[in-house]
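S.K.: Just dropping this structure here.
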Amino acid sequence: MADIVGVNGQRENFRVVGKPNLPGKLSYALATGIAKFGIDYVLPNMLHAKFLRSPYANALIKKMDITKALALPGVVDIVTWEDEDIKRLGQNPFGPPSRPYLDNWAEQEGAEVGCIVVAEDEDICEEALRLLDIEWEVLGHVVDTLKGREPGAPTAHMVEAAPDPFSKPPEKPKQGNVSYAVTTQGDIEKGFAEADHIIEYQLKLPAFASHMPNPPSSVAWWEDNPYHGEGPDLHIEGAVQRRENVGRMYGVSNEKTVQEGLFQGGKYCDWGMRKSQEITPLLARRTGRPVRCAYTREETFDFLMNERFMYLKVGFTKDGLVTAIDDFSIADNGVYGSSSFGTAGDQGYGPYYTFKCPNIRQQMDIVDTNRGKMYVSGQHCPFNWDSGTMAIYLISEKLGMDPIDVALINVHGPASQEDNTITPSLLACIEEGKKFVNWNWHKAGERKLEDGRMHGASFRYQMCPRHAFSGYDCKLELKNGVVHMPTQGPCTGIFAVECNAMVVAEELGLEYADVAIDFDYRETFTPVGGGSDGTTASSWAMKECANILKQKILESAVNKANNPAPPSMFMFGQPKENPLKGHTADELDMINGMVCLKADPSVGLPLREATSENIFATFSGRPPTSLWTMGMGKMLDTMNTAYCEVAVDTETGEVEILRFDAVADPGKVMRPTSLESQIDQVLFFSQGCQLLEEYVYDEKTGVRLNNNMIDYKKPTTLDVPVIGKKFLETRAGNAAYGANGISHSLANTHAIIIAIHNAIGVWVDPPATPDKILKALGKA
Amino acid sequence: MTEAKDMTFTLETAHAKVSEMIGAIPTALTEYRCPLCGKIFGCYADLKQHYAVEHVGAIPPVTVVLTLNGKSCEVLIEPHWTLKRTLQFRLGLTGAKHMCDKGVCGSCTVIMDGRAVLSCQMLAIECEGKEIQTVEGIAADPKWKPLVDAYCRWDAMQCGYCTPGFLVSAKNLLDKNPNPTVDEINEALSGNICICGTYPRHAQAIREAVEKMSEGAVTNG
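Heads up: the protein sequence lines correspond to chains E and X, in order.
Add 3 to the 1-based position in the first sequence for my numbering, that's all there is to it.
No gaps in the numbering here: position 68 of the second sequence is 61 in my numbering, and each next residue is one more.
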């Protein structure tokens, strides 16, 4: 059992943790429309701002005349790339340092370029943008990743990005649009020599969007506030969890950078700041009025995952044991400033790290394009790329073995890559999973359903990586008899704060509703760290803090019992005998809102009466390093499995997901409703990218054709299957009570695609739309 | 300048807050602000005169009286403004959310004369004389407390941005069909897109609300 370092990590009885249907602390504000997101703020006398956006996929502004635009009634300000204010503007701390905040180069169609217009309303901004006299130099563009790799392709990036701090130095110099990354372990040639069979296959990882529900937007203004020293405070709403970074851009201290709003909307690990969230302080300072800058939906179709093409060669023995993996990828590097997460920056933890196979080579050609931008994203991390899952499936097809058996032959044990045992968590998931889904494997194309459609199934497993790279600065306060948990806003909707409050209630013998969460942007505690990973890791730290507070409360109660205040002239009658008198803190406990005797919990006082002191406790730290981070995927603790079944109509090409189930071990279920939702979310995302979603470009102009929610199709209630879920609790994780993060690890790129192959015996690249399926079947 | 501080509402305090928000919306205009230059006038005639002199050829804004959550509200808008824009920028109601702005995602759903409509696709001037109900109006009606409560108890939201649109669609469904099946719920909510993937939660919440509301009806009846 893990979490042995933390207090009560091995707790057996839970009253609050694991309880369903406890409302989120912000849920009533969200459901009723009270909650305001960055885009919602409207202030008196507020101005609006809009960036000029490029109609070309790759172009330079040679000259721009703003005279007519500036003369338009209602236009208050126009700031161009040549303005000193823009030149002085600080860089995005997450972006490369070598390019100005705004310049005259547009690296994709729709890129912010050249200038920003500030006016009385958005319509006037748009009219002013139309009145700009611009001389463009249109450059060649790349929106086809494979063509962009070819010699002689147009140069996609006219400015070279600075070396990425997350990447190791390239193996060879960049050529044209292509830079190179190689990671090798073991001896590939030796591995292939040991193989009885070699298979070669290719797969396409789809590019897809998150298009965050609330288009990134902010409103900013400046206001004097003598409490925080000289100079005006910067107020900004919509800066999400990057308030301090925006403040730094303008030379404003954390104390003087104010953001009171609590709602930042869905992020899906996309933490890149958009210019609309950074520019408003400058414009507000120039105009002396609040300024709002809101993006439209069309302006927010950024990549959550870049496109890439993978070419695999896998050697394996006649028993199904993989001996060598040679993985060559061509990856879209996106536009200038795209994250290297997902390309070279992510090769440190790839899709084969649960494999015993010691001989692996990963080569990547990373192609600059003008397709779009991927910010710091990680929902579909490389350990979720299903190139390894596909190898297991293809081996099973070749050898006539159940893919679960092939997986069990190839997965390494908990201790190391050389460990030949199987992680107990994985065995438990598979045992339950087989029963849960009535697993009955068949070879490709061998099962027809009664209605004539072809049946296909797939299986995948994954580790549950808990990041816990972040430390947590926790504080709890007992004020006037109520426990408060001061927490920094704003929040994403993963209910991580609530999970922390549940742990506090558990440890202090309170109910969930008894813990008051005080949101304040100035506080330090925030349960960051990546979805459920942050939830469970921050809860571990908060558990420690709660126990520090508990000890202080018990000591205070003992002090009050043994040193009662002298009788007051306002007190009537005889003072009551304190039942805790004569006891030590070690003899006391906190149960059901009472401070009571351990030996006899019926003897005690309500918390509010047991102590009249205000008490504070702090704890800074994080859970012990997780196995995954120590072994970079080569040490395993908790695992999960997913099972997909499809029916494919070979006449129409239509795919129906019959079931898409997860049997998973989060270590300990902390907050069931949000755990279930996280898994629904990640599987619906995975469904969307495999069946529905695709970026479409006009190759001639480089214009992206479907930047809207009509043509870019996300799943709806009528598209999604029921996600069957079963949770195991091995308590083997290192976060609170042995929990682990889980949501990322169920993200997948090919679980449905493999099931489709199992149904019809041919590969269809995602998104597997009916036309592509019919084409693959030779019917279109 | 912001009102956002303590947002940790309970069912009761959220109900009180939305009631207060609706109550605070002015029923009549007291000033007329020129959208082009920001000048403020005491009456509409003066604003029109200002346009005739200083913004020749420009189309002046118009006054519209909306019947919103049971209350008449006079607003000054430009003729091309949508209801969604009017709710946010003139009435301070942001429960109808801007997401797709194309009539696809359902985040800006309101109920108009008993039908769920997309406020991003309705010109505000078309809405005069019609009964409009927003999520704030639903949340302020005690009858719908079980629905709001069930949404929160079942986490029928993650980031919460699209949630008000879903709740309005759910209420509209229950107006027409007080005891819907899960399939009927999924059909009714298929015009609302939740990128966080909370879809199964809505049916659970609505089914619980139906049960609570029918229990309440029996008790009250």
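Even glycine gets a Cβ: it sits at the ideal position worked out from N, Cα and C.
1) What residues of chain E sit near X/HIS48, judged by a beta carbon separation below 7 Å?
2) For the pair the segment 50 to 66 of chain E and the segment 131 to 146 of chain E, tell me if three or more CB-CB distances fall below 8 Å.
3) Under three-state DSSP, which class holds X/ASP176?
4) What is the DSSP secondary structure of E/HIS760, reduced to helix, strand or coil?
5) Please name the residue or residues paired with X/TRP137 in a DSSP beta bridge.
6) I'd like to know whether the C-beta of E/VAL725 is nearer than 8 Å to at least one C-beta of chain X.
7) Please report how far the alpha carbon of E/ALA38 lies from the alpha carbon of E/GLU648, in whole angstroms.
8) Give me the residue from E/GLN188, E/SER221 and E/LYS270 with the minimum Cα distance to E/CYS494.
9) Check whether the Cβ atoms of E/ILE594 and E/PRO604 sit closer than 8 Å, and answer yes or no.
10) Between the Cα of E/GLN262 and the Cα atoms of E/ARG251, E/GLN280, E/GLY250 and E/GLU240, which residue gives the shortest distance?
11) How would you label E/GLU281, buried or exposed, when you count the other beta carbons within 10 angstroms and need 16 or more for buried?
12) Run through the segment 93 to 139 of chain X for me and flag every whole beta strand (DSSP E) of 3 or more residues, listed as ranges in chain order.
13) How is X/ALA149 classed by DSSP in three states: helix, strand or coil?
14) Would you report the Cα separation of E/VAL79 and E/VAL120, rounded to the nearest angstrom?
15) Which term fits X/HIS73, buried or exposed, when burial requires 16 or more other beta carbons within 10 angstroms of its beta carbon?
16) Below 7 Å between beta carbons is the criterion; list the residues of the segment 135 to 146 of chain X that meet it against any residue of chain E, in chain order.
17) Out of E/LEU307, E/TYR646, E/GLY727 and E/SER279, which one is the CA nearest neighbour of E/ASP754?
18) Quick one: which unbroken beta strand (DSSP E) runs of 3-plus residues sit fully inside the segment 208 to 292 of chain E? Chain order, please.
19) Can you tell which of E/THR346, E/ASP521, E/LEU639 and E/GLU514 has the C-alpha that lies nearest to the C-alpha of X/PHE2?
20) By the DSSP assignment, the alpha helix (DSSP H) with E/TYR31 in it spans what residues?
21) Below 8 Å between beta carbons: does that hold for E/MET377 and E/PHE306?
22) When DSSP labels each residue in this structure, what does E/GLU203 get in the three-state scheme?
23) My guess is that E/LEU686 and E/LEU749 are in contact by the Cβ rule of under 8 Å, so how many angstroms apart are they, rounded?
24) Taking Cβ positions only, does X/HIS91 come closer than 8 Å to chain E?
25) Report the rounded CA-to-CA distance for E/GLY403 versus E/GLU449, giving the unit in angstroms.
26) Mind checking E/GLN382: buried by the 16 CB within 10 Å criterion, or exposed?
27) Do E/THR538 and E/MET673 have their C-beta atoms within less than 8 Å of each other?
28) I'd like to know if the segment 459 to 466 of chain E and the segment 481 to 499 of chain E are in contact, where contact means that at least 3 CB-CB pairs between them fall below 8 Å.
29) Going by DSSP, name the residue or residues bridged to X/LYS64.
30) For X/GLN151, which residues in chain E fall below 7 Å Cβ to Cβ?
31) Note down the Cα distance separating E/ASN695 from E/TYR475, rounded to an integer number of angstroms.
32) Under 8 Å: do the segment 215 to 223 of chain E and the segment 334 to 348 of chain E share three or more Cβ pairs, one atom per stretch?
33) Which residues in the same chain have their Cβ closer than 6 Å to the Cβ of X/GLY184, if we skip the five residues on either side of it in sequence?
34) Tell me whether E/LEU2 sits in a helix, a strand or coil according to DSSP, three-state version.
35) Along chain X, which residues have their Cβ under 8 Å away from the Cβ of E/VAL338?
36) Tell me the rounded alpha-carbon separation between E/ALA508 and E/GLU123.
M.R.: Reading off the structure:
1) Reading the second sequence from its first residue, position 55 is the one you call residue 48 of chain X. The contacting residues are PRO76.
2) Yes, they touch.
3) Walking along the second sequence from the start, residue 176 of chain X turns up at place 183. The answer is helix: DSSP assigns X/ASP176 an H, G or I state.
4) Along the first sequence, one-based indexing puts residue 760 of chain E at 757. Three-state DSSP puts E/HIS760 in a helix.
5) Stepping through the second sequence from its first residue, residue 137 of chain X is reached at position 144. By DSSP's assignment, X/TRP137 forms no beta bridge with any residue.
6) Walking along the first sequence from the start, residue 725 of chain E turns up at place 722. Residue contact check for E/VAL725 against chain X: a CB pair falls below 8 Å.
7) Translated into positions along the first sequence, residue 38 of chain E becomes position 35. Translated into positions along the first sequence, residue 648 of chain E becomes position 645. Cα-Cα distance, rounded: 39 Å.
8) For the purposes of this step, residue 494 of chain E is identified with residue 491 of the first sequence, where counting begins at 1. If we check each option's Cα against that of E/CYS494, E/LYS270 comes out closest.
9) Counting from one through the first sequence, the residue named residue 594 of chain E turns up at place 591. Counting from one through the first sequence, the residue named residue 604 of chain E turns up at place 601. In contact: E/ILE594 and E/PRO604 (Cβ atoms closer than 8 Å).
10) Position 259 of the first sequence, counted from the first residue, corresponds to residue 262 of chain E. Out of E/ARG251, E/GLN280, E/GLY250 and E/GLU240, E/GLU240 has the C-alpha closest to the C-alpha of E/GLN262.
11) Reading the first sequence from its first residue, position 278 is the one you call residue 281 of chain E. It counts as buried.
12) Those beta strand (DSSP E) runs which fall completely within the segment 93 to 139 of chain X and span 3+ residues are 102 to 105, 108 to 111 and 124 to 126.
13) Residue numbering aside, residue 149 of chain X sits at position 156 when the second sequence is read from its first letter. DSSP places X/ALA149 outside both helix and strand once states are collapsed to three, so it counts as coil.
14) Here residue 79 of chain E refers to the residue found at position 76 when the first sequence is read from its first residue. Here residue 120 of chain E refers to the residue found at position 117 when the first sequence is read from its first residue. About 8 Å.
15) Sequence index remark: in the second sequence, residue 73 of chain X carries index 80 (1-based). By the Cβ-count criterion, X/HIS73 is exposed, with fewer than 16 other Cβ atoms from all chains shown falling within 10 Å of its own Cβ.
16) Listed in sequence order: VAL141, TYR144, CYS145 and ARG146.
17) In the first sequence, counting from the first residue as 1, residue 754 of chain E sits at position 751. Checking the sequence, you will find Ala at residue 754 of chain E rather than Asp. It is E/TYR646 whose Cα lies nearest to the Cα of E/ALA754.
18) DSSP assignment within the segment 208 to 292 of chain E yields the following whole beta strand (DSSP E) runs of 3 residues or more, N-terminal first: 220 to 227 and 235 to 240.
19) Locating residue 2 of chain X in the second sequence gives position 9, where the first residue counts as 1. That would be E/ASP521, whose Cα lies nearest to the Cα of X/PHE2.
20) Reading the first sequence from its first residue, position 28 is the one you call residue 31 of chain E. Where E/TYR31 is concerned, the enclosing alpha helix (DSSP H) stretches over 30 to 34.
21) Reading the first sequence from its first residue, position 374 is the one you call residue 377 of chain E. Reading the first sequence from its first residue, position 303 is the one you call residue 306 of chain E. Cβ distance < 8 Å, so E/MET377 and E/PHE306 count as in contact.
22) As a first step, residue 203 of chain E is located in the first sequence; it is residue number 200 there, counting from the start. Looking at E/GLU203 - three-state DSSP - the assignment turns out to be strand.
23) For the purposes of this step, residue 686 of chain E is taken as the residue at position 683 of the first sequence. For the purposes of this step, residue 749 of chain E is taken as the residue at position 746 of the first sequence. The pair is a contact, with the Cβ atoms about 6 Å apart (cut-off 8 Å).
24) In the second sequence, the residue the question calls residue 91 of chain X occupies position 98. Yes - at least one Cβ of chain E is within 8 Å of the one on X/HIS91.
25) For this step, residue 403 of chain E is matched to residue 400 along the first sequence. For this step, residue 449 of chain E is matched to residue 446 along the first sequence. Rounded to whole angstroms, E/GLY403 to E/GLU449 spans 12 Å at the Cα level.
26) Translated into the one-based positions of the first sequence, residue 382 of chain E becomes position 379. Here E/GLN382 is buried. Its C-beta has 16 or more other C-beta atoms within 10 Å.
27) The sequence position of residue 538 of chain E within the first sequence is 535, counting from 1. The sequence position of residue 673 of chain E within the first sequence is 670, counting from 1. Yes, these two residues count as a Cβ contact at 8 Å.
28) The answer is no - the segment 481 to 499 of chain E does not touch the segment 459 to 466 of chain E, with fewer than three Cβ pairs under 8 Å.
29) On the second sequence, residue 64 of chain X is found 71 positions in, with the first residue counted as 1. Its beta-bridge partners are X/LEU61.
30) Here residue 151 of chain X is taken as the residue at index 158 of the second sequence, counted from 1. Ordered by position in chain E, the residues that pass the 7 Å Cβ test against X/GLN151 are GLY269, GLY496, ILE497, SER680 and GLN684.
31) Position 692 of the first sequence, counting from 1, holds the residue named residue 695 of chain E. Position 472 of the first sequence, counting from 1, holds the residue named residue 475 of chain E. Checking the displayed sequence, the identity of residue 695 of chain E turns out to be Leu instead of Asn. The alpha-carbon atoms of E/LEU695 and E/TYR475 are separated by roughly 39 Å.
32) The way I'd put it, the segment 215 to 223 of chain E doesn't touch the segment 334 to 348 of chain E; fewer than three beta-carbon pairs between them come closer than 8 Å.
33) As a first step, residue 184 of chain X must be located in the second sequence, where it is residue number 191. Same-chain partners within the cutoff: GLY99.
34) Any answer about residue 2 of chain E is impossible in this case: the structure gives chain E only from 4 up to 783.
35) Position 335 of the first sequence, counted from the start, is the residue given in the question as residue 338 of chain E. By Cβ distance, chain X contributes nothing, its closest Cβ being about 23 Å from E/VAL338, past 8 Å.
36) Taking the first sequence and counting its residues from 1, the one referred to as residue 508 of chain E is at position 505. Taking the first sequence and counting its residues from 1, the one referred to as residue 123 of chain E is at position 120. When rounded, the distance between both Cα atoms is 50 Å.
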